[in-house]
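**Student:** Per UniProt numbering, the very first residue in the sequence shown carries number 1; after that it's consecutive.
For every residue, glycine included, the Cβ atom is placed at its ideal position computed from N, Cα and C.
Mind having a look at this structure? Questions to follow.
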Amino acid sequence: MTAEAQPMTVAEKIAELGLTRVVHFTPAKNLHHIVADGQITSNRVLAEYAPEYFAPTDPYRLDAHPYKTCVTFTYPNPFYFDIARKLPQFRRFPDWVCLLIKAEVLTRDGVLFCECNAAKGGGAYLKPGVEGLEGCFADTTLGYQRGLTHHPLTATDLQAEALVPGPIPLSDITAIVAPTGEAAGNGQARLRAGDLDPDQFTWLVSEKMFTKWPLANAIQSGQSVLETLWTRDGEND
Numbered sequence: 001m002t003a004e005a006q007p008m009t010v011a012e013k014i015a016e017l018g019l020t021r022v023v024h025f026t027p028a029k030n031l032h033h034i035v036a037d038g039q040i041t042s043n044r045v046l047a048e049y050a051p052e053y054f055a056p057t058d059p060y061r062l063d064a065h066p067y068k069t070c071v072t073f074t075y076p077n078p079f080y081f082d083i084a085r086k087l088p089q090f091r092r093f094p095d096w097v098c099l100l101i102k103a104e105v106l107t108r109d110g111v112l113f114c115e116c117n118a119a120k121g122g123g124a125y126l127k128p129g130v131e132g133l134e135g136c137f138a139d140t141t142l143g144y145q146r147g148l149t150h151h152p153l154t155a156t157d158l159q160a161e162a163l164v165p166g167p168i169p170l171s172d173i174t175a176i177v178a179p180t181g182e183a184a185g186n187g188q189a190r191l192r193a194g195d196l197d198p199d200q201f202t203w204l205v206s207e208k209m210f211t212k213w214p215l216a217n218a219i220q221s222g223q224s225v226l227e228t229l230w231t232r233d234g235e236n237d
């Protein structure tokens with residue numbers, strides 16, 4: 001008798017896809033609380049325990065999971081990112097960063113995947129496990145066809161996402177991305193002003209990651225998005 005094949009795990013699917021990172025974008029002013037607290041927390045937790053730093057990119061959380069943190073695959077959602085930055089509560093805080101996070105957070109119990117924006121249908125399209133993750137990278141999703149040149153490490157629908165339960169520790173952040181060297185320098189300076197160490201992170205600069213159509217077009221044409229290492233002396237390597 002042959003052993004019955006075991007179903008694929010999320011970790012195995014991540015390895016098969018070659019996925020190494022997910023992305024969470026946030027106003028740069030939130031970095032102080034994230035670093036001081038030693039973790040990324042959900043909007044609901046921030047609202048309850050650190051209201052002075054509560055600046056949600058999605059104040060309504062129509063996905064119905066406010067205790068979970070939204071992440072996207074490899075690059076930020078260019079369309080919602082563009083909307084979030086124009087919200088009234090962020091007009092005084094124009095600086096944003098993208099936090100690159102180890103893809104292993106997707107293996108946690110309770111992670112939910114959505115092949116489209118998780119708010120669609122009030123969270124009706126959220127699915128757990130390998131089925132949910134595979135759906136994000138399917139050839140056809142809700143109204144979207146994956147093109148032949150589509151970047152292999154990004155979801156078919158650029159608004160697809162995963163909702164991760166619990167806090168995400170700083171040790172899972174592989175890099176902080178800013179749109180310009182000046183923005184990266186400002187982000188580091190804010191942390192130092194709060195007696196926090198910015199040098200514990202790798203800092204990258206990627207203008208395209210913060211621009212809607214250049215990012216979307218790059219993903220759909222299979223291009224890599226330039227990310228340049230930013231050093232403390234303010235020069236890009």
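What would DSSP say about residue 7, mapped onto helix, strand or coil?
**Tutor:** coil
**Student:** My parser needs the beta strand (DSSP E) runs of 3 or more residues fully inside the segment 119-202; what are they?
**Tutor:** Listed in chain order, the complete beta strand (DSSP E) runs (minimum 3 residues) inside the segment 119-202 are 126-128, 161-165, 173-178.
**Student:** Tell me the DSSP secondary structure of residue 208 in three-state form.
**Tutor:** helix
**Student:** Could you check where the beta strand (DSSP E) with residue 27 kicks off and where it finishes?
**Tutor:** 21-27
**Student:** Have a look at residue 158 and residue 126 and give me their C-alpha separation to the nearest angstrom.
**Tutor:** 15 Å
**Student:** Let me confirm a value: residue 18 is counted as buried when at least 16 other C-beta atoms fall within 10 Å, else exposed. Which label applies?
**Tutor:** exposed
**Student:** Is residue 40 closer than 8 Å to residue 151 when the C-beta atoms are compared?
**Tutor:** no
**Student:** Tell me, please, whether the segment 78-92 touches the segment 30-40 by the rule of three or more beta-carbon pairs shorter than 8 Å.
**Tutor:** no
**Student:** In whole angstroms, what separates the C-alpha of residue 193 from that of residue 21?
**Tutor:** 29 Å
**Student:** Answer yes or no: do residue 225 and residue 172 have a C-beta to C-beta separation smaller than 8 Å?
**Tutor:** no
**Student:** At the level of alpha carbons, what is the spacing between residue 136 and residue 14?
**Tutor:** 12 Å
**Student:** What residues in its chain sit with their C-beta under 6 Å from that of residue 222, if we drop five residues either side in the sequence?
**Tutor:** 149, 151
**Student:** I'd like to know whether the C-beta atoms of residue 23 and residue 71 end up nearer to each other than 8 Å.
**Tutor:** yes
**Student:** Which residues bound the beta strand (DSSP E) around residue 97?
**Tutor:** Looking at the DSSP string, the run of the beta strand (DSSP E) that includes residue 97 is 96-102.
**Student:** Does DSSP put residue 323 in a helix, in a strand, or in coil?
**Tutor:** Absent from the structure is residue 323, since the part of the chain shown begins at 1 and ends at 237.
**Student:** Leaving out five residues on either side along the sequence, give the residues of the same chain with a beta carbon under 6 Å from the beta carbon of residue 202.
**Tutor:** 175
**Student:** Does DSSP put residue 86 in a helix, in a strand, or in coil?
**Tutor:** coil
**Student:** Tell me, please, which residues DSSP counts as bridged to residue 220.
**Tutor:** Answer is none; residue 220 lacks a bridge partner.
**Student:** Span of the beta strand (DSSP E) holding residue 31?
**Tutor:** That residue, residue 31, is in no beta strand (DSSP E); its alpha helix (DSSP H) goes 31-37.
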